[in-house]
Amino acid sequence: MSELEMNGSIVQLNFGMGFLRRINREVSIPVDGAPGLKEDVGLRYAVGGLLEGDVNTLVNVLYTANTNCEQRVTKDFIDKFIEDETTDIDKVFEDVLGFLKNSNATKKGTISAIENVEKANKLREAKLKAQMEAMA
(Lines of atoms letter the chains of each structure in order from A and count residues from 1; the text may use other names and numbers.)
(Lines give C-alpha, C1' and ligand atoms only; values in the text may rest on other atoms or scores of the structure.)
Protein backbone atom coordinates (compact mmCIF):
# COMPACT_ATOMS: atom_id res chain seq x y z
CA MET A 1 0.00 0.00 0.00
CA SER A 2 1.33 3.43 -0.95
CA GLU A 3 0.35 6.80 0.44
CA LEU A 4 0.34 10.31 -0.97
CA GLU A 5 -0.55 13.52 0.82
CA MET A 6 -3.32 15.34 -1.05
CA ASN A 7 -5.07 18.49 0.12
CA GLY A 8 -3.71 17.99 3.65
CA SER A 9 -4.95 14.39 3.87
CA ILE A 10 -3.03 11.13 3.58
CA VAL A 11 -4.58 9.17 0.71
CA GLN A 12 -4.01 5.44 0.40
CA LEU A 13 -3.14 4.04 -3.01
CA ASN A 14 -3.00 0.37 -3.92
CA PHE A 15 -1.11 -0.54 -7.09
CA GLY A 16 -1.85 -4.26 -6.72
CA MET A 17 -3.63 -6.79 -8.91
CA GLY A 18 -7.02 -5.06 -8.65
CA PHE A 19 -5.45 -1.83 -9.91
CA LEU A 20 -3.69 -3.70 -12.72
CA ARG A 21 -6.89 -5.39 -13.89
CA ARG A 22 -8.88 -2.13 -13.81
CA ILE A 23 -6.26 0.01 -15.57
CA ASN A 24 -5.55 -2.66 -18.20
CA ARG A 25 -9.25 -2.93 -19.14
CA GLU A 26 -9.28 0.76 -20.09
CA VAL A 27 -7.36 0.16 -23.35
CA SER A 28 -7.59 -2.92 -25.58
CA ILE A 29 -5.80 -3.51 -28.87
CA PRO A 30 -6.24 -6.26 -31.48
CA VAL A 31 -3.75 -9.14 -31.27
CA ASP A 32 -1.77 -9.54 -34.51
CA GLY A 33 -2.52 -12.84 -36.22
CA ALA A 34 -5.53 -13.61 -34.01
CA PRO A 35 -8.67 -12.11 -35.55
CA GLY A 36 -11.26 -11.12 -32.97
CA LEU A 37 -8.82 -11.40 -30.05
CA LYS A 38 -7.87 -8.31 -28.06
CA GLU A 39 -5.21 -7.68 -25.44
CA ASP A 40 -5.76 -5.34 -22.49
CA VAL A 41 -2.85 -2.88 -22.41
CA GLY A 42 -4.04 0.03 -20.28
CA LEU A 43 -0.99 -0.02 -18.00
CA ARG A 44 1.33 0.53 -20.97
CA TYR A 45 -0.70 3.51 -22.11
CA ALA A 46 -0.96 4.90 -18.58
CA VAL A 47 2.81 4.71 -18.09
CA GLY A 48 3.33 6.42 -21.46
CA GLY A 49 0.91 9.17 -20.45
CA LEU A 50 2.68 9.64 -17.12
CA LEU A 51 6.07 9.86 -18.85
CA GLU A 52 4.65 12.52 -21.19
CA GLY A 53 3.26 14.50 -18.25
CA ASP A 54 -0.40 13.92 -19.12
CA VAL A 55 -2.33 15.26 -16.12
CA ASN A 56 -5.57 13.48 -17.11
CA THR A 57 -3.68 10.19 -17.01
CA LEU A 58 -2.24 11.10 -13.61
CA VAL A 59 -5.71 11.82 -12.20
CA ASN A 60 -7.04 8.55 -13.62
CA VAL A 61 -4.14 6.51 -12.21
CA LEU A 62 -4.53 8.08 -8.76
CA TYR A 63 -8.29 7.54 -8.79
CA THR A 64 -7.95 3.93 -9.95
CA ALA A 65 -5.25 3.17 -7.35
CA ASN A 66 -7.56 4.47 -4.61
CA THR A 67 -10.58 2.41 -5.73
CA ASN A 68 -10.46 -0.36 -3.11
CA CYS A 69 -8.94 1.69 -0.32
CA GLU A 70 -10.72 2.43 2.94
CA GLN A 71 -10.78 6.21 2.51
CA ARG A 72 -12.15 6.84 -1.00
CA VAL A 73 -11.48 10.12 -2.80
CA THR A 74 -13.35 11.59 -5.75
CA LYS A 75 -11.91 12.77 -9.04
CA ASP A 76 -12.95 16.28 -7.96
CA PHE A 77 -10.80 15.89 -4.82
CA ILE A 78 -7.84 14.80 -6.97
CA ASP A 79 -8.50 17.62 -9.46
CA LYS A 80 -8.32 20.18 -6.63
CA PHE A 81 -5.03 18.63 -5.49
CA ILE A 82 -3.60 18.88 -9.02
CA GLU A 83 -4.85 22.46 -9.48
CA ASP A 84 -3.46 23.64 -6.12
CA GLU A 85 -0.54 25.98 -6.80
CA THR A 86 1.40 24.48 -3.89
CA THR A 87 1.31 20.97 -5.39
CA ASP A 88 4.67 19.99 -6.89
CA ILE A 89 3.21 18.26 -9.95
CA ASP A 90 6.60 16.99 -11.13
CA LYS A 91 7.13 15.23 -7.80
CA VAL A 92 3.64 13.70 -7.98
CA PHE A 93 4.42 12.23 -11.43
CA GLU A 94 7.76 10.97 -10.10
CA ASP A 95 6.15 9.45 -6.98
CA VAL A 96 3.42 7.68 -8.96
CA LEU A 97 5.92 6.23 -11.42
CA GLY A 98 7.97 5.11 -8.41
CA PHE A 99 4.92 3.40 -6.89
CA LEU A 100 4.30 1.61 -10.20
CA LYS A 101 7.95 0.51 -10.46
CA ASN A 102 7.92 -0.88 -6.92
CA SER A 103 4.63 -2.77 -6.84
CA ASN A 104 4.99 -6.47 -7.63
CA ALA A 105 1.83 -6.34 -9.76
CA THR A 106 2.96 -3.45 -11.97
CA LYS A 107 6.77 -3.52 -11.77
CA LYS A 108 7.55 -5.60 -14.89
CA GLY A 109 4.91 -3.92 -17.06
CA THR A 110 5.98 -0.44 -15.96
CA ILE A 111 9.68 -1.04 -16.55
CA SER A 112 8.94 -2.62 -19.94
CA ALA A 113 6.75 0.34 -20.95
CA ILE A 114 9.43 2.83 -19.87
CA GLU A 115 12.08 0.94 -21.88
CA ASN A 116 9.80 0.87 -24.94
CA VAL A 117 9.17 4.62 -24.71
CA GLU A 118 12.91 5.27 -24.39
CA LYS A 119 13.64 3.07 -27.43
CA ALA A 120 10.94 4.81 -29.47
CA ASN A 121 12.34 8.22 -28.50
CA LYS A 122 15.86 7.18 -29.54
CA LEU A 123 14.58 5.88 -32.89
CA ARG A 124 12.61 9.09 -33.44
CA GLU A 125 15.68 11.20 -32.63
CA ALA A 126 17.90 9.15 -34.97
CA LYS A 127 15.35 9.44 -37.77
CA LEU A 128 15.06 13.20 -37.26
CA LYS A 129 18.85 13.56 -37.20
CA ALA A 130 19.14 11.58 -40.46
CA GLN A 131 16.48 13.77 -42.09
CA MET A 132 18.27 16.94 -40.95
CA GLU A 133 21.60 15.65 -42.30
CA ALA A 134 19.97 14.73 -45.62
CA MET A 135 18.61 18.27 -45.93
CA ALA A 136 22.01 19.88 -45.22
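Be aware that the sequence shown starts at 70, since it is given in the working numbering, and climbs by one per residue.
Quick reminder that beta carbons are idealized off the backbone N, C-alpha and C, glycines included.
Looking at the backbone, the Cα of K144 and that of S71 are separated by about 18 Å. Measuring C-alpha to C-alpha distances from E108 to each of T155, I92, E154 identifies I92 as the nearest.
About 19 Å separates the CB atoms of V96 and G85; that is not less than 8 Å, and the two are not in contact. Here M201 is exposed. Its C-beta has fewer than 16 other C-beta atoms within 10 Å. By the Cβ-count criterion, S172 is buried, with 16 or more other Cβ atoms from all chains shown falling within 10 Å of its own Cβ. When DSSP reads this structure, P99 sits in a beta bridge with K107. In this structure, V80 sits away from L127, with a CB-CB distance that is not shorter than 8 Å.
In the three-state scheme derived from DSSP, where H, G and I count as helix and E and B as strand, V142 is classed as coil.
M75 carries a strand assignment under DSSP once its states are collapsed to helix, strand and coil.
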